[in-house]
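Participant: Got a structure for you, written out below as C-alpha cells; questions coming shortly.
Number of protein chains: 2
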Amino acid sequence: MAKKDLFGICPYVTSQKILSGKWSIYLLYLLQEGPVRFNELQRMMPEDITHTTLSRQLKNLEEEGLIIRREYSQIPPKVEYSLSEIGKKFESVIIALGEWGNDYLEFVKHKDEKKYKGGETA
Amino acid sequence: MAKKDLFGICPYVTSQKILSGKWSIYLLYLLQEGPVRFNELQRMMPEDITHTTLSRQLKNLEEEGLIIRREYSQIPPKVEYSLSEIGKKFESVIIALGEWGNDYLEFVKHKDEKKYKGGETA
DNA sequence: CCGGATCCTGGCTGATACTG
DNA sequence: CAGTATCAGCCAGGATCCGG
C-alpha cells in the first residue's frame with residue numbers, strides 16, 4: 001500500500017495520466033499555434049472524431065488546467081480553446097515527441113523493408 | 123475516409139498510440155539506466171501491478187520495437203529487458219516529460235493553495 | 001455553433017490459476 | 001523466476017438524440 005504514496009509525486013505517473021486521453025497529444029499540438037475554435041479543431045483532427053468525444057477530451061484538458069476555454073456570447077456561439085501557461089510549457093514535450101515519432105516511423109519503415117528482402121519467407 | 127491516410131504518417135498519432143499503454147512511459151523510464159529483470163521491474167513500479175499486466179505491457183513494447191527481451195537459459199530462469207536503439211532515442215522525450223511533469227505538479231500545488239486561501243468558502 | 005445526456009461497445013486491465 | 005491462459009469488470013470512446 002505504501003506504493004500508492006507516489007501518486008501525485010512522480011512526474012512520469014502524472015504525465016502518463018494526463019496523456020491517457022486518446023487525443024490529448026494531438027490537441028495540445030494543434031493548440032500550439034494559438035486559439036482554435038471547436039469546429040476548427042474537429043476538422044483538423046487526423047481521424048474522424050465526434051463532437052461528443054472532442055468535447056469530452058477538451059473538458060478533461062481544461063479541468064486538468066492545460067487549456068483554457070473562452071466563450072463568446074454571440075449568435076451563433078463561438079468558443080475558442082487555447083493553451084494555459086502550463087499548457088504552453090508542454091511544447092518542449094511536443095517537440096521531443098514529434099522528433100521521436102518521426103524517428104520511429106523511419107525505424108518501422110526500414111523494418112518493413114527488411115521483411116520483404118529478408119528471411120520472412122520461411 | 124481520406125483522413126485515415128494519416129495513419130502511419132503523423133508522428134504525434136504514432137506516439138500517442140505507443141504511449142497508450144498505462145505503464146509505457148514509466149517502463150521506458152525505468153529501463154533508461156540499463157537492463158532490468160522482470161521481477162525487478164515489477165518491484166520498481168510506482169503502483170502495484172500484476173505480473174500478467176506487466177508481461178503484457180512488456181510484450182507490447184517489444185513488438186513495437188522499443189525494448190529487447192533477452193532470455194538466459196538457466197535454472198532458475200532469468201530474463202532481462204533493455205532498450206532498443208529506437209527505445210534509447212526516447213530518452214529525450216522522457217527528459218522533457220519529467221521536467222514538465224514536475225512543473226505540472228508545482229502548478230497543481232499552487233492551485234490547491236489558492237483554493238484554501240481564496241473564495242472557495244462560499 | 002457548441003455541447004450535454006444517454007446508451008452501447010471494444011479493449012485494456014487485473015485476478016486467479018496453471019506451466020516450464 | 002518468468003511467464004501464459006482465461007475470465008470478469010471497468011471505462012474511454014463513439015453513435016445518436018436533444019438543448020441553448
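Here the protein sequences come in this chain order: A and B.
Sequential numbering from 1 applies to the first sequence in the numbering used here.
Sequential numbering from 123 applies to the second sequence in the numbering used here.
Glycine included, C-beta positions come from ideal geometry on N, C-alpha and C.
Owing to the predicted nature of the structure, the values given are computational and were not obtained by experimental measurement.
Mapping DSSP to helix, strand and coil, what is residue 83 of chain A?
Facilitator: Three-state result, residue 83 of chain A: strand.
Participant: Give the residues of chain B in contact with residue 13 of chain A, contact being defined as C-beta atoms less than 7 Å apart.
Facilitator: Near residue 13 of chain A (Cβ distances below 7 Å), the residues of chain B are 148, 168.
Participant: Does any CB atom of chain B fall closer than 8 Å to the CB of residue 34 of chain A?
Facilitator: No, residue 34 of chain A lies away from the interface with chain B (no Cβ there is under 8 Å from its Cβ).
Participant: Around the Cβ of residue 156 of chain B, are there at least 16 other Cβ atoms within 10 angstroms (buried) or fewer (exposed)?
Facilitator: By the 10 Å Cβ count, residue 156 of chain B comes out exposed.
Participant: Select from the region 187-213 of chain B all residues with a C-beta closer than 7 Å to any C-beta belonging to chain A, and list them in chain order.
Facilitator: Listed in sequence order: 187, 208, 211, 212.
Participant: For residue 42 of chain A, decide whether its Cβ has a neighbour in chain B, counting only Cβ atoms nearer than 8 Å.
Facilitator: Taking Cβ atoms only, chain B never reaches closer than 8 Å to residue 42 of chain A, which makes this a no.
Participant: Closer than 8 Å by C-beta to residue 86 of chain A: which residues in its own chain qualify, once you throw out the five before and the five after it? Chain order, please.
Facilitator: So the qualifying residues of the chain are 65, 66.
Participant: So the beta strand (DSSP E) residue 193 of chain B belongs to, where does it begin and stop?
Facilitator: Its beta strand (DSSP E) spans residues 189-194.
Participant: Taking the alpha carbon of residue 152 of chain B as the reference point, which residue from B:211, B:218, B:204 has its own alpha carbon closest?
Facilitator: For residue 152 of chain B, the nearest C-alpha among the options comes from B:204.
Participant: Is there a Cβ of chain A sitting closer than 8 Å to that of residue 225 of chain B, yes or no?
Facilitator: Taking Cβ atoms only, chain A reaches closer than 8 Å to residue 225 of chain B, which makes this a yes.
Participant: Grab the span of the alpha helix (DSSP H) containing residue 169 of chain B for me, first residue to last.
Facilitator: Element bounds for residue 169 of chain B: n/a, residue is neither H nor E.
Participant: In whole angstroms, what separates the C-alpha of residue 57 of chain A from that of residue 210 of chain B?
Facilitator: Straight-line Cα distance between these residues: approximately 30 Å.
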